[in-house]
Amino acid sequence: MDMRYIKYVFPNEKYYESPEEKVENESKFNVSSLPEFWETRCDSHWTYYSPPNIKLPIQGWKIHISAIPSEAQHTLDIISSFLFHQSVPFKYVSSFRELFLKNSKYGDRGSSGKFITIYPMDESQFLFLLDHLHTLLKDISKGPYILSDKRWLDGNVYFRYGAFEKMHIKNGASTILAIKTPSGEYVPDSRGISYVIPDFVEEPKAIQEMTKDQERKQSVESQLSKYNIKSALHFSNGGGVYLADHSESGKQVVLKEGRPGAGLDGTGRDAIERLKHEAAMLERLKGIENVVEYQGIFQEWEHIFLVEEYIPGTSLKEWLASFYPYSTSKDPIEYLKSVIPIIKQIKKAVKDIHSRGIGIGDLQPSNIMITSSNRVKLIDFEAANDDLTDTKHSGLMTPGFTGAEDSSREQIDWFALLRIARYMFIPIGPVQDMSESIIKKHDQWIMKHFGEDAIKIIEDIEAECRKRSVKPMVSMLSSPVKYLDKDDLPEVISKLRKGMVNDLREGIKLLPGDIHQFESSSGLLNVLTGGFGVVMALARTGTLPKKAREWAVKYSDMDFISYLDDGLFSGKAGIAGVLYEIGMIDESKGIYHSIQTQTESEDISLRTGLAGIGLALLSASTLNGFETFFEKAVAIGFRLETLLERDVTIKPKEFDAIPFGLIDGWSGASLFFSALHWITGDENWLMLSIRAIEKDTNHCVLDDSGLYQIKDGSGFVSQLAGGSTGIGLAMIELRHLLNSKKWNDELVGIGMSTIQRCFYSPGLFRGLAGLIVGAKAIDMELGLQDDKAYLNKTLETMNLYLLEEDDKLFVPGDFNYRLSGDIFSGASGMILALNDILSHGFTWLPLPHIYKLFPSRNN
Numbered sequence: 009m010d011m012r013y014i015k016y017v018f019p020n021e022k023y024y025e026s027p028e029e030k031v032e033n034e035s036k037f038n039v040s041s042l043p044e045f046w047e048t049r050c051d052s053h054w055t056y057y058s059p060p061n062i063k064l065p066i067q068g069w070k071i072h073i074s075a076i077p078s079e080a081q082h083t084l085d086i087i088s089s090f091l092f093h094q095s096v097p098f099k100y101v102s103s104f105r106e107l108f109l110k111n112s113k114y115g116d117r118g119s120s121g122k123f124i125t126i127y128p129m130d131e132s133q134f135l136f137l138l139d140h141l142h143t144l145l146k147d148i149s150k151g152p153y154i155l156s157d158k159r160w161l162d163g164n165v166y167f168r169y170g171a172f173e174k175m176h177i178k179n180g181a182s183t184i185l186a187i188k189t190p191s192g193e194y195v196p197d198s199r200g201i202s203y204v205i206p207d208f209v210e211e212p213k214a215i216q217e218m219t220k221d222q223e224r225k226q227s228v229e230s231q232l233s234k235y236n237i238k239s240a241l242h243f244s245n246g247g248g249v250y251l252a253d254h255s256e257s258g259k260q261v262v263l264k265e266g267r268p269g270a271g272l273d274g275t276g277r278d279a280i281e282r283l284k285h286e287a288a289m290l291e292r293l294k295g296i297e298n299v300v301e302y303q304g305i306f307q308e309w310e311h312i313f314l315v316e317e318y319i320p321g322t323s324l325k326e327w328l329a330s331f332y333p334y335s336t337s338k339d340p341i342e343y344l345k346s347v348i349p350i351i352k353q354i355k356k357a358v359k360d361i362h363s364r365g366i367g368i369g370d371l372q373p374s375n376i377m378i379t380s381s382n383r384v385k386l387i388d389f390e391a392a393n394d395d396l397t398d399t400k401h402s403g404l405m406t407p408g409f410t411g412a413e414d415s416s417r418e419q420i421d422w423f424a425l426l427r428i429a430r431y432m433f434i435p436i437g438p439v440q441d442m443s444e445s446i447i448k449k450h451d452q453w454i455m456k457h458f459g460e461d462a463i464k465i466i467e468d469i470e471a472e473c474r475k476r477s478v479k480p481m482v483s484m485l486s487s488p489v490k491y492l493d494k495d496d497l498p499e500v501i502s503k504l505r506k507g508m509v510n511d512l513r514e515g516i517k518l519l520p521g522d523i524h525q526f527e528s529s530s531g532l533l534n535v536l537t538g539g540f541g542v543v544m545a546l547a548r549t550g551t552l553p554k555k556a557r558e559w560a561v562k563y564s565d566m567d568f569i570s571y572l573d574d575g576l577f578s579g580k581a582g583i584a585g586v587l588y589e590i591g592m593i594d595e596s597k598g599i600y601h602s603i604q605t606q607t608e609s610e611d612i613s614l615r616t617g618l619a620g621i622g623l624a625l626l627s628a629s630t631l632n633g634f635e636t637f638f639e640k641a642v643a644i645g646f647r648l649e650t651l652l653e654r655d656v657t658i659k660p661k662e663f664d665a666i667p668f669g670l671i672d673g674w675s676g677a678s679l680f681f682s683a684l685h686w687i688t689g690d691e692n693w694l695m696l697s698i699r700a701i702e703k704d705t706n707h708c709v710l711d712d713s714g715l716y717q718i719k720d721g722s723g724f725v726s727q728l729a730g731g732s733t734g735i736g737l738a739m740i741e742l743r744h745l746l747n748s749k750k751w752n753d754e755l756v757g758i759g760m761s762t763i764q765r766c767f768y769s770p771g772l773f774r775g776l777a778g779l780i781v782g783a784k785a786i787d788m789e790l791g792l793q794d795d796k797a798y799l800n801k802t803l804e805t806m807n808l809y810l811l812e813e814d815d816k817l818f819v820p821g822d823f824n825y826r827l828s829g830d831i832f833s834g835a836s837g838m839i840l841a842l843n844d845i846l847s848h849g850f851t852w853l854p855l856p857h858i859y860k861l862f863p864s865r866n867n
């Protein structure tokens, strides 16, 4: 679960929406008595103030003021008045909500607590400010400890050395904030979870003396010294969870850490308050077989540590990843024999806990431990409550496992158990929260794949829920009555188009998509998550609606386009292709011309970098009047050759992207090299294509069941982005060029991965739609038909996701919390994937006349 998505989920909204647009009457922090001529500006997070005629250095010692939300306005009143008087520039977090999210349990640990940032002119002013700010704030409650900084004395004043201006260095596709060395070199500006001093900087003597004094005071023996911490099991903004040995008993234990002021939950409790509460709950639950054993609680410095038994095993979420029979070659009945006892144990645990008058409050797969012998232990009782009738928000609830808003603690737990039971047979995101009626489809699917015993255990829990009047969240949508298959494709495509066209909006957000719309500077415009992807999907599957064309005309103006990067999916290269296809030839050519030479880039990717830009320029060079772009495309080919020779490390732009495969790995470069060979006949490009794809196949595994997937960390990945499906598409092009049956077993293994029982999300890049593209391509390549074809089985999985309203179909976005209309995760990607089945393929790539680039498209 990516907690960033929760920020964009709002009641009664079908799509992910921007908090800036949806939060009404937001509580803003304000300063009073702004001095004359001071400059002020705001962005989505910060409000900036700067005195006139001041020229700060590009970097130096900066000061941060920590604050809890309830003390923030008072803190700002004190600090702003003083800084105005001293003519010192500063910025502060603009709203209560933004600060609350920053300090919340799943906020960024590196920036937690940072409420005000102050920019001293020099070291002398820096030291002056430290003393005076500490004195001004000495009576204010402590905010979260700022992990990236060092604290001045014992209050809310922190500091670090870093950049004042925005300076960057490139690291592959990613951009890193930087500082400048005395020699003029740019190096990373460390903003992690520890205090780091650059090699060329020395702390002022006053700070060195303070540090020595603090070390002397902390030299006394601590309670924590009784434990030998062996590893960290988990981190959140509230603190770490550690595996440790108790030195006196020799037993392994788990230590849960609580940081003051940090890890706020929905009720405003910090991690300290929650851990003390959890200790009290666990004390009352002692002796229950399926509950983790409480062993004690102690304070260390300003932190609290809860001690509980160590349970060797994995969470239910991890257990499912290991044992769920995703592959259709695995026996679902053997899996069922393990699952039913686990569900029964969880059910018994719920009853036993309720018998003590306690509601769990956050029963979900990550809080259920499964031992090697499949014994169940429940952990994490921070949200527990000793009143089963209480309907107040627990403060920590996991989307998909909460039920109706007015549910009691007893009802919440039984609803969660019911959802967990179904989740163990269909481990996907909580699409049911948008449409409870889709559960009928899910049960039909469970019956088909796991049989009557699976349905019976679910029905038993449903009966318990009915006794307690358990209710789901109010549905916003319905689901198709019909169980869809390949014969329904024309209807599905038509209804998806109707849903997209119906929801087109005015303004720059043509159709809501993934949260990257809001988190990327180009997210509302680009092909990946923005309006030009929607325009492409609608244009390629029917007549382009007037509203979409007018949008494209307006936002193709260079006033909007010029600041975008050159990427195929992220920027200009893809937009230029879309404009050409809808007849805006001159605008398209102008954007192609604006693409920069890529001689310094180390971004090899199809998404944002060289492979995608090269394909775009090569595609353009096949168009009448665009032939001059051929040389630019070839130059990019040579640049990629150099990077291949150097074995450059891949650093994707998106932090959660996997650096392998077609979208962000070397397979995208292989596809480009293949196209260069097809266009030029030059054998060197063919050899480079083979070498590039082998960089990815070296990270793939063909397992005993025949599945062929990328091995990434502790998991296996088959999806289009970062998985084996994307590699398979590049393999197919190479097979045609080589006139060879190379990688036959691998393609069969990829085909098998496309018919796995389910996928967490339905999107093109990271879910089902991408697997549909792969299944179609492999069926065609291997000549598979009827019962042997992969596509029909892959398409059946649509029934787990597609939602309906008034004869229109919709697609949930990543994690299934809300709908998405974009290429990356939503309806645009799904409609293009389905259209791929009826066309020559690769219709999801924003390349005009794609058939000219690849031999497989000419058959």
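According to the numbering used here, the sequence shown holds residues 9 to 867 in order. Using N, Cα and C, we set each Cβ at its ideal position, and we do this for glycine too.
Given a threshold of 16 other Cβ atoms within 10 Å of its Cβ, counted over all protein chains shown, does residue i qualify as buried or as exposed?
i: phenylalanine 646; result: exposed
i: alanine 186; result: buried
i: glutamate 812; result: buried
i: asparagine 534; result: buried
i: threonine 189; result: exposed
i: lysine 345; result: exposed
i: aspartate 511; result: buried
i: threonine 143; result: exposed
i: histidine 524; result: buried
i: asparagine 236; result: exposed
i: methionine 289; result: buried
i: methionine 432; result: buried
i: phenylalanine 243; result: exposed
i: histidine 311; result: buried
i: glutamate 256; result: exposed
i: alanine 471; result: exposed
Return the chain-ordered list of same chain residues with a C-beta closer than 7 angstroms to the C-beta of residue i, the five sequence neighbours on each side being excluded.
i: isoleucine 465; result: Ile348, Ile351 and Ala429
i: threonine 802; result: Thr762, Ile763, Leu779, Ile780 and Ala783
i: lysine 860; result: Thr630
i: glycine 304; result: Val315
Let me check understanding here. Comparing Cα to Cα, which of the options lies closest to residue i?
i: serine 88; options: Leu715, Glu106, Pro59 and Arg105; result: Pro59
i: aspartate 704; options: Asp664, Lys234, Leu652 and Gln419; result: Leu652
i: glutamate 610; options: Glu595, Asp672 and Ser528; result: Asp672
i: serine 102; options: Phe92, Gly115 and Gln81; result: Gln81
i: asparagine 164; options: Phe634, Arg505, Glu131 and Ser74; result: Ser74
i: glutamate 527; options: Gly620, Ala785, His53 and Glu589; result: His53
i: alanine 424; options: Ser445, Val358 and Ile447; result: Val358
i: phenylalanine 823; options: Glu472, Phe773 and Glu286; result: Phe773
i: valine 656; options: Phe663, Glu662 and Leu648; result: Leu648
i: lysine 15; options: Val39, Leu42, Trp686 and Leu107; result: Leu107
Tell me, to the nearest whole angstrom, how far the beta carbon of residue i is from that of residue j; I am working on the premise that it is less than 8 angstroms.
i: proline 152; j: glycine 269; result: 4 angstroms
i: lysine 99; j: threonine 125; result: 5 angstroms
i: cysteine 708; j: serine 732; result: 6 angstroms
i: tyrosine 809; j: proline 854; result: Rounded, the Cβ-Cβ distance is 24 angstroms, inconsistent with contact.
Under 8 angstroms Cβ to Cβ from residue i, same chain only, skipping five residues before and after it: list those, please.
i: arginine 505; result: Leu546, Thr549, Gly550 and Ile839
i: methionine 405; result: Gly274, Gly369, Asp370, Ala391 and Ile420
i: serine 682; result: Trp693, Leu694, Ser697, Ala738, Glu741, Leu742, Leu745 and Phe862
What residues in its chain sit with their C-beta under 6 angstroms from that of residue i, if we drop five residues either side in the sequence?
i: glycine 834; result: Gly521, Val819, Gly821 and Ser828
i: serine 248; result: Sequence inspection shows glycine at residue 248; the serine mentioned does not correspond to that position. Hits under 6 angstroms: Ala240 and Glu265.
i: serine 877; result: What the structure shows of the chain is the stretch from 9 to 867, and residue 877 is not part of that stretch, so it cannot be assessed.
i: tyrosine 416; result: Going by the sequence as given, residue 416 is serine instead of tyrosine. Only Thr397 and Thr399 meet the Cβ criterion.
i: lysine 640; result: Leu625
Shorter than 7 angstroms, the distance from the beta carbon of residue i to the closest heavy atom of the ligand COA, or not?
i: valine 709; result: The ligand content of the structure shown is nil, which means the ligand COA is not present either.
| query | Of all the beta strand (DSSP E) runs that stay within the bounds of the stretch 162-197, which reach a length of 3 or more residues? | reply | 165-171, 176-179, 182-188 and 194-196
Q.
Which complete alpha helix (DSSP H) runs does the stretch 240-297 hold, if anything under 4 residues is left out?
A. 279-292
Query raised in the report: In chain order, which continuous runs of the beta strand (DSSP E) of length 3 or greater are located wholly inside the stretch 370-400?
Result: 376-379 and 384-386
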